[in-house]
Amino acid sequence: MTTAERAKGAGDTTGAPGPLRKALTTPLLYLFILGDVLGAGVYVLVGQVAGAAGGAVWVPMLVALVLALLTAASYAELATKYPRAGGAAHYAKRAFGSFPGFVIGFCMLAAGIVSVAGLTRAFGGEYLTEFVTLPVVVVTVAFLGALALLNLRGIRESVRANAVATLIEVSGLLIIVGLGAWVIVRGDGDLGALTEVGTAEKGAAAAVLSGAVLAYYAFVGFEASVNLAEETHDPRRSYPRALFAALGTAGLVYLLVGFAATAAVPTERLVQSSGPLLEVVEVAGGMPQKVFSAMALVAVANGALLTGIMSSRLAYGMARDGLLPSFLARVLPVRRTPWAAIAVTTVLSTGLALTGDVATLAATLVLLLLVVFAGVNAAVLVLRREPGDAADHFRVARVVPVLGVASCVVLATQIEGEVWARGLPLMGAGVALGAVTEIRNRRAARAR
Numbered sequence: 133m134t135t136a137e138r139a140k141g142a143g144d145t146t147g148a149p150g151p152l153r154k155a156l157t158t159p160l161l162y163l164f165i166l167g168d169v170l171g172a173g174v175y176v177l178v179g180q181v182a183g184a185a186g187g188a189v190w191v192p193m194l195v196a197l198v199l200a201l202l203t204a205a206s207y208a209e210l211a212t213k214y215p216r217a218g219g220a221a222h223y224a225k226r227a228f229g230s231f232p233g234f235v236i237g238f239c240m241l242a243a244g245i246v247s248v249a250g251l252t253r254a255f256g257g258e259y260l261t262e263f264v265t266l267p268v269v270v271v272t273v274a275f276l277g278a279l280a281l282l283n284l285r286g287i288r289e290s291v292r293a294n295a296v297a298t299l300i301e302v303s304g305l306l307i308i309v310g311l312g313a314w315v316i317v318r319g320d321g322d323l324g325a326l327t328e329v330g331t332a333e334k335g336a337a338a339a340v341l342s343g344a345v346l347a348y349y350a351f352v353g354f355e356a357s358v359n360l361a362e363e364t365h366d367p368r369r370s371y372p373r374a375l376f377a378a379l380g381t382a383g384l385v386y387l388l389v390g391f392a393a394t395a396a397v398p399t400e401r402l403v404q405s406s407g408p409l410l411e412v413v414e415v416a417g418g419m420p421q422k423v424f425s426a427m428a429l430v431a432v433a434n435g436a437l438l439t440g441i442m443s444s445r446l447a448y449g450m451a452r453d454g455l456l457p458s459f460l461a462r463v464l465p466v467r468r469t470p471w472a473a474i475a476v477t478t479v480l481s482t483g484l485a486l487t488g489d490v491a492t493l494a495a496t497l498v499l500l501l502l503v504v505f506a507g508v509n510a511a512v513l514v515l516r517r518e519p520g521d522a523a524d525h526f527r528v529a530r531v532v533p534v535l536g537v538a539s540c541v542v543l544a545t546q547i548e549g550e551v552w553a554r555g556l557p558l559m560g561a562g563v564a565l566g567a568v569t570e571i572r573n574r575r576a577a578r579a580r
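Oh and the sequence shown: position 393 is 525 in the numbering used here, straight run, nothing missing.
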């Protein structure tokens, strides 16, 4: 930051909307994305994927990785073409207008707030009770309050905390890989399980697709990073490199974890466990379960921190675009962090965490994100007619966003009816609020 910029920031005491501070390098952005993807999902989903697809957990994980890369490529084009906070909402507004932009942004924002609430409840669950038992209210308020303060402190501090947490997360998963390999080497593993595809209820293809829906949840998180493009040095080069490197790393780690868990622990045992990776620790021996529980807590907390950052930046960007009240676009005068958006999203996550359980809060997340991802892929095709903010931005082949839309439709067909019953009212609320916002903006435009 130049001396002039510092002087301007120091002199701005109004907290009015303004540019966010560029503080992220390619390595920090890579660690942000990797930490967000390698969140709590893989620590709890291996057993569920095995139950849906059979012992060959790596197959649906590989399918989910390919599908995630399609949408990630579309995000890379748009984030480098329009490097601004607001992400999916900003892209949809430019492509389809303010009303669709609001609906897409609302679904993304709702997914983020719900995700933070669910991770908060997960943090206060079995992993924490390995050490201490506390009331839900105490855990929720203290946990989300600490995350909000770190978020307010600044993006650089938040992402540096993420860098440390991500290293712990990766270490925990690599330990599982090592323990699984040790079980195999000593002759207690079952390599035959790695080729078991299908269940008693479903054939191979249907089982893999069902498992891929669950595995897809483990890969989401990369979409949060587009809201940080405005705070990244040279996003046209940094963002695609960090994005694809992080997803590739996560995919490799997930495949290895899938191999290790399936070969080391009988499939039935994985399916029945709420902490499947702890089963690997127990079977292998030689490592205290509390140590691994501590690593899992770090993973959950890091996922909540990063999703909280995304939610606040998205609310800030939508407010700056006129899709949410302008109050949410206010930033701290010196630190240039969106304090109003952080406060509101934290309060909403707190309310949800105190009134719902993990299963209820997580059920609509994938559905909401599929709506967002379909809109982002479609926006790439529409916005090809615009020059964009950067002439030399990243660009994908036209077939990629087309396949991205198709993948969202296919995955949506695998969503259970009860999830649709919960998700549709939430999306309906977004449509209603979007209509009100559209009417208000049109009246304001006529009054000028």
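For every residue, glycine included, the Cβ atom is placed at its ideal position computed from N, Cα and C. This one's a predicted model, so the numbers in the text were calculated from it and none came from an experiment.
Three-state secondary structure assigned by DSSP to residue i
i	result
residue 251	helix
residue 166	helix
residue 266	coil
residue 578	helix
residue 141	A caution first: residue 141 carries a pLDDT of 41, below 50, which makes its placement in the model too unreliable to give a value.
residue 563	helix
residue 568	helix
Per-residue burial, residue i [other beta carbons within 10 Å of its own, 16 or more giving buried]
i	result
residue 225	buried
residue 470	buried
residue 180	buried
residue 92	There is simply no residue 92 to check, as the chain begins at 133 and stops at 580 in what is shown.
residue 541	exposed
residue 517	exposed
residue 453	buried
residue 366	exposed
residue 303	exposed
residue 578	exposed
residue 256	buried
residue 215	buried
residue 526	buried
residue 569	buried
residue 261	exposed
residue 263	exposed
residue 331	buried
C-beta contact flag for residue i and residue j at 9 angstroms
i	j	result
residue 430	residue 300	yes
residue 383	residue 197	yes
residue 396	residue 305	no
residue 493	residue 229	no
residue 343	residue 174	no
residue 158	residue 374	yes
residue 232	residue 322	no
residue 168	residue 449	no
residue 219	residue 442	yes
residue 473	residue 451	yes
residue 512	residue 258	no
residue 415	residue 547	no
residue 279	residue 170	no
residue 381	residue 202	no
residue 582	residue 551	Coverage of the chain is limited to positions 133 through 580, which leaves residue 582 absent and any answer about it impossible.
residue 211	residue 379	no
residue 243	residue 501	yes
residue 195	residue 402	no
residue 285	residue 467	yes
residue 482	residue 252	yes
residue 555	residue 235	no
residue 163	residue 294	yes
residue 410	residue 187	no
Residue closest to residue i, alpha-carbon to alpha-carbon, out of the options
i	options	result
residue 336	185, 168, 532, 264	185
residue 213	575, 369, 578	369
residue 524	324, 372, 475, 412	372
residue 484	349, 157, 194, 276	276
residue 408	163, 182, 165, 167	182
residue 388	156, 189, 164, 177	189
residue 610	238, 204, 295	Absent from the model: residue 610. The displayed extent of the chain is 133 to 580, so no value can be given.
residue 206	532, 421, 380	532
residue 503	467, 475, 480, 563	563
residue 317	392, 500, 211	392
residue 412	178, 243, 539	178
residue 486	270, 235, 227, 195	270
residue 240	420, 571, 445, 536	445
residue 434	193, 199, 222, 248	248
Residue i CB to nearest heavy atom of the ligand FMN below 8 angstroms
i	result
residue 265	The ligand FMN is not among the ligands present in this structure, which contains no ligands whatsoever.
Taking only runs that begin and end inside the stretch 430 to 509, name each unbroken alpha helix (DSSP H) of 4 or more residues, in chain order.
Residue ranges of uninterrupted alpha helix (DSSP H) with 4 or more members, entirely inside the stretch 430 to 509 and ordered along the chain, are 471 to 487, 490 to 495.
Any beta strand (DSSP E) of 3 or more consecutive residues that is wholly inside the stretch 384 to 420
As far as the stretch 384 to 420 is concerned, it has no whole beta strand (DSSP E) run of at least 3 residues.
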